[in-house]
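Contents: one structure, followed by commentary.
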Amino acid sequence: MSCCRIYHPASGAVAEGKEQRDFPQNRKAAFKRLVEKPEFKKWHRIQCAKALGTYIDAEKWADEQMDLKN
92 MSCCRIYHPA
102 SGAVAEGKEQ
112 RDFPQNRKAA
122 FKRLVEKPEF
132 KKWHRIQCAK
142 ALGTYIDAEK
152 WADEQMDLKN
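Heads up: take any position in the sequence shown, counting from 1, add 91, and you land on our numbering.
Right under this line is the structure:
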């Protein structure tokens, strides 16, 4: 009853907290684990880059480089 599983749909990251007997403590532990997951970190970096305007779409960049003008 006190176990907590958190799923972040945008990144696909999943984390659990189940070592404590208290649900709020397990939820806190699950959130801490979630932000340490590689999937979540990658998603977060991409979102930050998009917000800052520094995100580079690799496929678009490759197409631009392969253009005959270059």
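Note that beta-carbon positions come from the ideal geometry of N, C-alpha and C, so glycine has one too.
Computed from a predicted model, the values in this text were never measured in an experiment.
Residues in its own chain within less than 6 Å of residue i by CB, not counting five upstream and five downstream?
i	result
K128	A104
Among the candidates the options, whose CA atom is the shortest distance from the CA of residue i?
i	options	result
M92	K109, Y98 and E150	K109
E130	R112, K160, A101 and C95	A101
L125	R96, L159 and K160	R96
I'd like to know if residue i contacts chain C, where contact means its C-beta is closer than 7 Å to some C-beta of that chain.
i	result
F131	Annotation note: the requested chain C is absent from the structure, which comprises a single protein chain.
By Cβ distance below 8 Å, which residues in the same chain neighbour residue i in space, the five residues on each side in sequence not counted?
i	result
Y98	A104 and V105
D113	S93
By DSSP, does residue i sit in helix, in strand, or in coil?
i	result
R112	coil
C95	strand
A104	strand
Are the segment 112-121 and the segment 134-143 in contact at 8 Å, needing three or more beta carbon pairs?
-> no
Entirely enclosed alpha helix (DSSP H) segments - the segment 109-160, minimum 4 residues | For the segment 109-160, whole alpha helix (DSSP H) runs of length 4 or above, ordered along the chain, are 114-127, 129-143 and 149-156.
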